[in-house]
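Heads up: the structure comes next, in structure tokens.
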Amino acid sequence: MRWLLLLLAFLTVPALAETRNPGEYFFQPKMGDLKGDLADARQAGKTGILLMFEMDDCPFCERMKNTVLNQRQVQDYFRQHFIIYPMDTRGSVELTDFKGKNTTEKAFALEQRARATPTFIFYDTAGNEVTRFTGITQTADEFMLLGRYVVTGEYQKAPFNVYKKQARAAR
């Protein structure tokens with residue numbers, strides 16, 4: 000019996016640490032209509048939309064993709080609760096913003112004040128910014144905590160750093 004438990008524990012460890020391509024499993028294909036995506040998020044019962052503002056050759060963006068956004072548990076949790084897109088802060092791809100205005104990724108990033116990369120901005124299903132996180136998280140667990148902070152509505156009560164301290168103290 001004891002060896003069976005050890006075998007089961009051994010077999011489940013790789014599944015918990017499984018990594019997958021964030022381009023396929025974290026981000027969703029962009030349609031270019033954020034206003035329409037709000038309606039889709041509401042209809043699907045999502046918490047909102049998460050945008051990752053990034054740029055080519057950003058080492059911090061790559062670090063997030065290669066150490067956090069590639070984690071299966073991160074991908075599954077965030078895809079369950081959010082519609083998620085990358086936004087190129089220098090991009091010329093056209094899109095429709097949350098208010099229905101035609102713009103480009105670069106102009107939208109400037110309007111959203113995404114000046115450093117990566118910047119993660121969470122929007123509710125009405126298109127209102129609810130929280131933002133600039134930079135990288137130290138671990139996948141910290142990024143998961145950020146997701147729960149938004150999903151549970153704790154962002155309405157305290158800043159993320161306070162929430163994070165309280166969550167660590169509760170452990």
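Just so we're aligned: 65 in numbering that gives the first Met the number 0 is position 66 of the sequence shown, and the numbers increase by one with no gaps anywhere. Glycine included, each C-beta is placed from N, C-alpha and C at the ideal position.
Do you know whose CA, among 44, 69, 35 and 41, lies nearest residue 26's CA? Here residue 26 refers to the residue found at position 27 when the sequence shown is read from its first residue. Answer by Cα proximity: 69.
Go to residue 131, then tell me how far its beta strand (DSSP E) extends in each direction, as first and last residue. Looking up residue 131 in the sequence shown gives position 132. In the DSSP annotation of this structure, the continuous segment of the beta strand (DSSP E) that includes residue 131 starts and ends at 128 to 133.
Would you say residue 123 lies against chain D (beta-carbon separation less than 7 Å)? The chain labelled as chain D is not found in the depicted structure, where only one protein chain is given.
How would you label residue 12, buried or exposed, when you count the other beta carbons within 10 angstroms and need 16 or more for buried? Within the sequence shown, numbered from 1, the residue matching residue 12 stands at position 13. Confidence at residue 12 is low in this model, with a pLDDT of 43, below 50, so the placement of that residue should be treated as unreliable; the coordinate-derived value is given next. By the neighbour-count rule (16 or more Cβ atoms within 10 Å), residue 12 is not buried but exposed.
Per DSSP, the bridge partner or partners of residue 95: Numbered from 1 along the sequence shown, position 96 holds the residue referred to as residue 95. Residue pairing of residue 95 in beta bridges, as defined by DSSP: 32 and 101.
So, helix, strand or coil for residue 158, using DSSP? Position 159 of the sequence shown, counted from the first residue, corresponds to residue 158. DSSP places residue 158 in coil when its eight states are reduced to three.
Is the separation between the beta-carbon of residue 113 and that of residue 82 shorter than 7 Å? Taking the first residue of the sequence shown as 1, we reach residue 113 at position 114. Taking the first residue of the sequence shown as 1, we reach residue 82 at position 83. With respect to residue 82, residue 113 sits apart: the two C-beta atoms are not nearer than 7 Å.
Would you give the residue range spanned by the alpha helix (DSSP H) that residue 145 belongs to? If you number the sequence shown from 1, residue 145 lands on position 146. Where residue 145 is concerned, the enclosing alpha helix (DSSP H) stretches over 139 to 150.
Near residue 30, what residues of its chain come up, given a Cβ to Cβ distance below 6 Å and the 5 sequence neighbours on each side ignored? Residue mapping note: residue 30 aligns to position 31 of the sequence shown, counting from 1. Around residue 30: no qualifying Cβ.
For residue 7 and residue 32, I'd like the C-alpha separation in whole angstroms. Position 8 of the sequence shown, counting from 1, holds the residue named residue 7. Position 33 of the sequence shown, counting from 1, holds the residue named residue 32. Bear in mind that the predicted position of residue 7 carries a pLDDT of just 42, short of 50, making it too unreliable to give a figure here.
Excluding the 5 residues flanking residue 17 on each side, which residues of the same chain have their C-beta closer than 7 Å to its C-beta? Along the sequence shown, one-based indexing puts residue 17 at 18. Same-chain partners within the cutoff: 71.
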